[in-house]
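Take a look at the structure below.
Number of protein chains: 2
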Amino acid sequence: MARAATTTDAFNAVAEPRRREIVAALANGQRSVNELVTALGVPQPLVSKHLRVLREVGVVTVREDGRQRLYRLNGTALKPIYDWVKDFEDLWSERFTRMDVVLAELKETEYGDGSDDDD
Amino acid sequence: MARAATTTDAFNAVAEPRRREIVAALANGQRSVNELVTALGVPQPLVSKHLRVLREVGVVTVREDGRQRLYRLNGTALKPIYDWVKDFEDLWSERFTRMDVVLAELKETEYGDGSDDDD
DNA sequence: TTGACGTATGCCCATATGGGCATATGATTG
DNA sequence: CAATCATATGCCCATATGGGCATACGTCAA
C-alpha cells in the first residue's frame, strides 16, 4: 500500500500547506477561484486541483455563478481534526508544565505496564 | 514536486491513521515498542517506522531503558494543529447554526469582492 | 457566430510513501 | 562466548502525489 490518498479525509487533505491557506482564505467568506488565485499567488490550475481535493473531503462547497465558481468553507468537515487534537490540549496547557509529568507517571503505574518506571 | 514528506510537520505525520492510534495509545503514558505492537496489533517493524516519523517531527520522544525503548508523547508538537483548527471552531459551534451564514455574508460584502453576492 | 473569460482536466515527471519481509544491531542472560 | 530478546533498518513494490503546462469546456459579450 502507498500513502493514503489526500482525499481520504480532512486530515490528509489539510496536511498540504497550500490547502490550509485556501481554507484560511475562505474563512472570511466565499471566494471565486480567481480571487483565490490572486490571494495565494499560485497558478490557477493548481488552485483548482487543490479545491477539488478540499471539495471531495467536504471541506469546501461550490456554487455556480455564471462562469464563476464560488467556493465556501464548510467548517464542519474540520471538526474531526479538532476533536482529535483537542484531547491533548492539556499536554501543552501552562498549568501542566510539571504536573502533567507527575500524573502521567501515576497513570502509567496504575495501567500496570511491566516495565518499571522512573524518570 | 511530490507530496510533502510525512516528516515535514505534525500535520503530515498525523495524517496517517495508524500514527494517530499510536499517539492516542501514548496519551496514557509512556510505552515500549512491544507494548505498542500489542496494543495496535501491527507488525513490529511497522510500528518502529511510524514511531520514527513521529519522533522526527517531535511528537514523541524516546528514552532508552535496557533493550527497550520507551516512547513518550510530546503533546506540544501537536499544538500547531490545534491552533490552526481552533480558529474555525465557530463554524461548527451550535450557536452559529444559522447566524454564521448571515455574518459570513456581511463580512464578504465588507471585504468588497467584486462578485455580487446572494444565496 | 466569434472571441474572450473563468475553471477544470489531462498528461508528464520525480518523489516518497506504507507495508511485507529478512536481517542488522544492541542489550541481557546463561 | 552463545543464545535470546527488543528494536531498528534495508530492500522491494504499487501507488498517487504536487506542480508545470496545454487545452478542453461552459458562459457571456460583440
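Taken in order, these protein sequences are the chains called W and P. For the first sequence, my numbering assigns the number 4 to the initial residue and increments by one for each residue that follows. For the second sequence, my numbering assigns the number 4 to the initial residue and increments by one for each residue that follows. Note that CB positions come from ideal geometry on N, CA and C, so glycine has one too. Given the structure is predicted, the values throughout are model-derived calculations rather than measurements.
- Pairing V63(P) with N77(P) gives a Cβ-Cβ distance under 8 Å.
- In the three-state scheme derived from DSSP, where H, G and I count as helix and E and B as strand, V40(P) is classed as helix.
- Residues of the region 80-96 of chain W with a C-beta less than 8 Å from any C-beta of chain P: L81, K82, I84, Y85, W87, V88, K89, D90, F91, E92, D93, L94, W95, listed in chain order.
- The C-alpha of E19(P) lies about 19 Å from the C-alpha of T41(P).
- Within the region 23-99 of chain W, the complete alpha helix (DSSP H) segments of 4 residues or longer fall at 36-43, 47-59, 82-89, listed in chain order.
- Per DSSP, reduced to three states, the secondary structure at A8(P) is coil, with no helix or strand assignment.
- Rounded to whole angstroms, the separation of the alpha carbons of E59(P) and W87(W) is 21 Å.
- Separation of A16(W) and D12(P) (C-alpha to C-alpha, rounded to the nearest whole angstrom) is 14 Å.
- When DSSP states are grouped into helix, strand and coil, A18(W) belongs to the coil group.
- Annotated as distal: I84(P) and I25(W), with beta-carbon spacing of 8 Å or more.
- Note that the C-beta distance between L81(W) and F14(P) is not below 8 Å.
- Distance from the Cα of G69(P) is smallest, within the candidate group V50(P), S35(P), P46(P), for S35(P).
- Taking the Cα positions, E67(W) is about 6 Å away from L73(W).
- Cβ-Cβ distances below 7 Å link R22(W) to A16, H53, V56, L57 in the same chain, with the five nearest sequence neighbours on each side left out; the list follows chain order.
- Under the Cβ distance rule, L39(W) does not count among the residues neighbouring chain P, no pair being separated by less than 8 Å.
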